[in-house]
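Chemist: First residue of the sequence shown? That's 3 in this note's numbering, and the numbers climb one at a time after it.
Cβ atoms here follow ideal geometry from the backbone N, Cα and C, with glycine treated the same way.
All of these numbers come straight from a predicted model, not from anything done at the bench.
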Amino acid sequence: MSLFKVNITAKNPRDDRASPPIEVLVDTGSELTWLPKDVLDGIGVSAQRKRAFSTATKQIVQRDVGYAILRAEGFETVDEVVFAEPGDMNLLGVRTLEGFGVMVDNLAHRFVATTTLVAATREFI
3 MSLFKVNITA KNPRDDRASP PIEVLVDTGS ELTWLPKDVL DGIGVSAQRK RAFSTATKQI
63 VQRDVGYAIL RAEGFETVDE VVFAEPGDMN LLGVRTLEGF GVMVDNLAHR FVATTTLVAA
123 TREFI
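#1: Mind checking who residue 104 pairs with in its DSSP beta bridge?
#2: If you draw a straight line from the C-alpha of residue 79 to the C-alpha of residue 90, how long is it?
#3: With a threshold of 8 angstroms on Cβ separation, who are the neighbours of residue 69 within its own chain once the five nearest residues in sequence on each side are excluded?
#4: Classify residue 76 as buried or exposed, calling it buried when 16 or more other Cβ atoms lie within 10 Å of its own Cβ.
#5: Who are the near neighbours of residue 19 in its chain, counting only those whose CB is closer than 6 angstroms to its CB and skipping five residues on each side?
#6: From which residue to which residue does the alpha helix (DSSP H) around residue 42 run?
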């Protein structure tokens, strides 16, 4: 698997405040998207709760999480975002990718639109 970066913008879901583009590492090993705390604070995204995360080095860290509208490469979704502290990486996590409705093409370093899976429809019940 190769690594690549994209630019993402975050928008406050309560008003029109949006961040400038932020370079993030596309990380299918991360559940959530991590964006700088100062950027999220600057657009008025509020922390809703704290969550514990296990890092690649097996360290447990606590971070605030909130909600933002995320946009990258022509795709958009509403998702939980982690308020990354100085020293944390900026990451685009798998839940955001799923919200975008994309798969990652690691060879071409791009997103590929997919169809969303449905558990069941009435005609199959």
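Modeler: Here's the rundown:
#1: Taking the first residue of the sequence shown as position 1, residue 104 is located at position 102. 115.
#2: For the purposes of this step, residue 79 is taken as the residue at position 77 of the sequence shown. For the purposes of this step, residue 90 is taken as the residue at position 88 of the sequence shown. Approximately 23 angstroms, taken between the alpha carbons.
#3: On the sequence shown, residue 69 is found 67 positions in, with the first residue counted as 1. Once the five neighbours on either side are set aside, the close Cβ partners of residue 69 are 15, 47, 50, 80, 81, 82, 83.
#4: Taking the sequence shown and counting its residues from 1, one reaches residue 76 at position 74. Label assigned to residue 76: exposed.
#5: Within the sequence shown, residue 19 is the residue found at index 17, counting from 1. Correct list, in chain order: 45, 46.
#6: The residue given as residue 42 occupies position 40 in the sequence shown. Residues 39-44.
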